[in-house]
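These protein sequence lines map, in sequence, to chains R and F. According to the numbering used here, the residues represented by the first sequence are 679 to 831, in order. According to the numbering used here, the residues represented by the second sequence are 679 to 831, in order. Ideal Cβ positions, reconstructed from N, Cα and C, are used throughout, including at glycine. For reference, the structure discussed in these notes is given below.
There are 2 protein chains.
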Amino acid sequence: MDDLDRRLIELFAAEPRIGVLEASRRLGVARGTAQARLDKLAASGVVTGWGPDLSPEALGFPVMAFLTLEIRQGAGHDAVATHLAGIAEVLEAYTITGAGDMWARVVAQSNADLQRVIDRVLAEPGIERCTTVIALATQIPHRVLPLARSAVS
Amino acid sequence: MDDLDRRLIELFAAEPRIGVLEASRRLGVARGTAQARLDKLAASGVVTGWGPDLSPEALGFPVMAFLTLEIRQGAGHDAVATHLAGIAEVLEAYTITGAGDMWARVVAQSNADLQRVIDRVLAEPGIERCTTVIALATQIPHRVLPLARSAVS
DNA sequence: CAATCTGCGGTCCAGGTCGTCCACGCGGAC
DNA sequence: GTCCGCGTGGACGACCTGGACCGCAGATTG
Chain R
679 MDDLDRRLIE LFAAEPRIGV LEASRRLGVA RGTAQARLDK LAASGVVTGW
729 GPDLSPEALG FPVMAFLTLE IRQGAGHDAV ATHLAGIAEV LEAYTITGAG
779 DMWARVVAQS NADLQRVIDR VLAEPGIERC TTVIALATQI PHRVLPLARS
829 AVS
Chain F
679 MDDLDRRLIE LFAAEPRIGV LEASRRLGVA RGTAQARLDK LAASGVVTGW
729 GPDLSPEALG FPVMAFLTLE IRQGAGHDAV ATHLAGIAEV LEAYTITGAG
779 DMWARVVAQS NADLQRVIDR VLAEPGIERC TTVIALATQI PHRVLPLARS
829 AVS
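Spelled out as C-alpha cells, the structure:
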C-alpha cells in the first residue's frame with residue numbers, strides 16, 4: 679500500500695471504466711506494473727470487488743432507518759441473523775456492544791412501508807425489543823477512499 | 679428494471695470482470711441490448727458506479743463503531759458534517775430523527791485508536807454528547823443485491 | 001563482497017473486446 | 001393503418017487484454 683497503490687485506487691474510484699492500460703499511462707508507469715499492483719491489491723483483500731454499486735433510492739427504497747435490536751437472553755444471535763438475512767430490506771447487520779444487542783440498517787419504500795419491514799423483522803421471537811431511528815439526510819455518503827489515502831504501510 | 683436488468687446486475691455482481699460481450703452471451707441476448715441496458719441503469723441512477731470496493735479491515739482499520747452524536751441546539755448540523763467530512767475514519771454520517779441527533783460510522787486501527795478518533799470527532803464544539811457502540815461481529819455484510827431482486831417495476 | 005531475488009520499466013504479439021453505427025423485424029399505442 | 005420504441009444481428013475500426021520476454025536497479029542474503 680504505497681503511494682502508487684493509493685493513486686491507482688483513487689484513479690479507478692474516480693473513473694472506473696478506464697482500464698489498466700489507460701491507468702498506467704495516467705500514472706506514468708508500465709502497464710505490467712499497474713496490473714501487478716491491482717492483482718496484489720485484490721489478493722491482499724484491500725480491493726474486495728469491482729461490482730456495480732446500486733442505489734436503494736433509485737431502486738424505489740428512499741427511506742433508510744437504523745434498528746437497534748435487543749436480543750432475548752439465550753436466544754442466540756444466529757437465529758436472528760438468519761432471519762434478518764432472509765429480508766431483502768435489511769442491508770446490513772452487526773452484533774454490537776450492549777446486552778445482547780444487534781444493529782441493522784434497513785430501507786423501505788415509504789414511511790408506511792417501513793412499518794411493514796419492521797414487522798417482518800419483529801416476526802422473529804428472539805427479538806425482545808426494537809428501537810427505530812430514521813435517517814433524514816445524508817451528510818456523508820458511504821466512502822472508504824479517504825481512509826485509503828490515510829492508510830500507511 | 680425488468681428481469682433482464684436484474685439478471686444483468688446479478689451477473690456483474692457475481693463476476694464483475696466479464697465484460698459486456700460475455701454477459702450478453704450468458705444471458706442469451708445481443709450485445710447491443712446488454713450495453714443499452716447497462717447504459718440505462720447507469721443513467722437512471724440505479725447503478726451509481728463501478729468503483730473498487732475497499733475493505734477498511736484490510737487497510738488496517740479492523741475496529742468499527744457507531745457514534746450517535748447529540749448536536750447542540752442552534753449549532754447547525756452543517757458545521758458538524760463539515761468537521762466529520764474532514765476525518766477519514768468517518769465512513770458515513772446521517773442526520774437522524776431525535777433531538778438534533780446525528781449518526782456516524784467510524785473505523786479505527788484498534789480499540790485504543792478508536793479513542794483518538796472519537797476525540798477528533800468531539801473536537802467540534804457543536805457536538806454536545808456522543809455515545810459509542812462498537813461492532814463486535816458482522817452478521818450481514820453490506821449488500822444491496824437482494825433488494826434489486828425484490829425491486830419491482 | 002558477490003550472488004540472488006524481487007520489483008519495475010519497456011516491448012512484442014495474437015486474440016478478443018469496446019463503442020458505435022446501421023437496417024430490419026416485432027409488438028404495442030394512437 | 002401507421003408510428004414509435006425496442007431488440008436483433010451484423011459490421012467497422014480502434015483499442016485493450018493477458019501473456020510472455022528482456023534488462024536494469026535496489027535490496028537481501030550468504
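- Shown here, residue 688 of chain R sits in a helix according to DSSP, grouped into three states.
- The DSSP assignment places complete alpha helix (DSSP H) segments of no fewer than 4 residues inside the region 743-809 of chain F at 755-763 and 789-800, in order along the chain.
- Distance between residue 702 of chain F and residue 711 of chain F, taken at the CA atoms: about 8 angstroms.
- For residue 722 of chain F, the nearest CB of chain R lies under 8 angstroms from its own CB, placing it at the interface with that chain.
- For the region 772-802 of chain F, the set of residues with a beta-carbon nearer than 9 angstroms to any beta-carbon of chain R comprises 772, 773, 774, 775, 776, 779, 780, 781, 782, 783 and 785, in chain order.
- Looking at the backbone, the Cα of residue 767 of chain F and that of residue 802 of chain F are separated by about 15 angstroms.
- In this structure residue 818 of chain R is not in contact with residue 808 of chain R, their Cβ atoms being roughly 26 angstroms apart against a cut-off of 8 angstroms.
- For residue 697 of chain R, the uninterrupted alpha helix (DSSP H) run begins and ends at 697-705, by DSSP.
- Proximity of residue 740 of chain R to chain F, defined by a Cβ-Cβ separation below 8 angstroms, is not satisfied.
- Neighbours of residue 700 of chain F in chain R, taken as residues at a C-beta separation under 9 angstroms, are lacking, since the least C-beta distance is about 14 angstroms.
- Take the alpha-carbon of residue 718 of chain F and the one of residue 692 of chain R: they are about 20 angstroms apart.
- The way I'd put it, the region 742-756 of chain F doesn't touch the region 752-761 of chain R; fewer than three beta-carbon pairs between them come closer than 8 angstroms.
- Of R:825, R:812, R:777 and R:764, the smallest CA-CA separation from residue 799 of chain R is found for R:764.
- Judged by DSSP secondary structure, residue 710 of chain R falls within the alpha helix (DSSP H) whose first and last residues are 709-721.
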